[in-house]
Amino acid sequence: MKILLLAGNTLRSNSYAQYLAASSCKVEGLFYGFEEREYSVPKLNRDTEQFFDDNNILIPDFQIGIENVFERNKWKYQHINDYDVNSQSVVERVKSISPDLIIFSGYGGQILRKNHFDLDLPYVHMHPGDIPLERGSTTIYYSILNRQSCTVTAFLMNEKIDAGNIITKSHFPAPTGGVNIDQYYDNIIRANCLIDAITALSKKNEITPFPSHDNSLEYYVIHPILKNIGILSLKK
Numbered sequence: 005m006k007i008l009l010l011a012g013n014t015l016r017s018n019s020y021a022q023y024l025a026a027s028s029c030k031v032e033g034l035f036y037g038f039e040e041r042e043y044s045v046p047k048l049n050r051d052t053e054q055f056f057d058d059n060n061i062l063i064p065d066f067q068i069g070i071e072n073v074f075e076r077n078k079w080k081y082q083h084i085n086d087y088d089v090n091s092q093s094v095v096e097r098v099k100s101i102s103p104d105l106i107i108f109s110g111y112g113g114q115i116l117r118k119n120h121f122d123l124d125l126p127y128v129h130m131h132p133g134d135i136p137l138e139r140g141s142t143t144i145y146y147s148i149l150n151r152q153s154c155t156v157t158a159f160l161m162n163e164k165i166d167a168g169n170i171i172t173k174s175h176f177p178a179p180t181g182g183v184n185i186d187q188y189y190d191n192i193i194r195a196n197c198l199i200d201a202i203t204a205l206s207k208k209n210e211i212t213p214f215p216s217h218d219n220s221l222e223y224y225v226i227h228p229i230l231k232n233i234g235i236l237s238l239k240k
């Protein structure tokens, strides 16, 4: 299976790359907008490290850049100096690579448009929520508030937001107090689910059609007070 990582310069993209490497996958990279966006490497605090060690979950080393991950694994990658994932230059490059599967890891707030889906290629996305029950933004914090656990859903994208055929779901314990949720927990559980999704697809497991009618809730960017309540509810 020819896998393409369509990636912005983010911690999530780096997490995906390191998890793919640890799982001995072979990947090609299409990196866009790297000259316009950089990220600072977050400190790995003791609570975060302890949580993932206790749960036997790989912690990516963000000191290693994504290009270095690709070079160490002898994976091909190329850059496009365009921040817009929906630009014609990005879409044409995806088309020319002609992958069997595209892992989308864009910048915050970016949504793929029709020109990508017109390529008739499968794009996979890892959503930090239990689809179809939890759709929208910052669902991790709503999951913590509602049920003290978190689910990541891997699905094949279409033009609708957080809707598409479900590949697999991965379930995780809620982070404990002091864990860096936004920079470590979120990215790591998505990367973990990505490997589960690739495994499921390689085994040709049955993909669940997304229900056309459901009782799901649409979540929006969580209010800072609610977010803080969720964080304070975490066990030490």
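Taking our numbering, the leading residue of the sequence shown gets 5, the next gets one more, and so forth. Don't be surprised by glycine CBs; every beta carbon is placed ideally from N, CA and C. Here the structure is a predicted model, which means the values were calculated and not measured.
In this structure, K173 keeps its C-beta atom at 8 angstroms or more from the C-beta atom of D124. Linking F74 to Y20 through their CA atoms gives a straight-line distance of about 11 angstroms.
Closest by C-alpha distance to K47, out of D88, N184, Q92, G168, is N184. DSSP, reduced to helix, strand and coil, places S109 within a strand of the structure shown. Residue ranges of uninterrupted alpha helix (DSSP H) with 4 or more members, entirely inside the stretch 117 to 202 and ordered along the chain, are 118 to 121, 143 to 151. Annotation: G181 to Y189 spans about 12 angstroms, alpha carbon to alpha carbon.
The C-beta of A11 has 16 or more other C-beta atoms within 10 Å across all chains shown, which makes the residue buried. In the displayed model, I68 falls within coil according to three-state DSSP, outside both helix and strand.
N196 is classed as buried because its beta carbon has at least 16 other beta carbons within 10 Å across all chains shown. Pairing R41 with N191 gives a Cβ-Cβ distance that is not under 8 angstroms. The beta-bridge partner set that DSSP reports for A25 is empty. Pairing F55 with M130, the inter-Cα distance amounts to about 21 angstroms.
Straight-line spacing of the CA atoms in Y81 and S237 works out to 42 angstroms. A straight-line Cα-Cα distance of about 12 angstroms links L205 and I106. Look at the stretch 32 to 107 and you find these whole runs of beta strand (DSSP E), each 3 residues long or longer: 81 to 84.
The DSSP-derived three-state label of L15 is helix.
The three-state secondary structure of L10, taken from DSSP, is strand. Looking only at N72, T14, V31, the smallest Cα-Cα distance to I202 is reached by V31.
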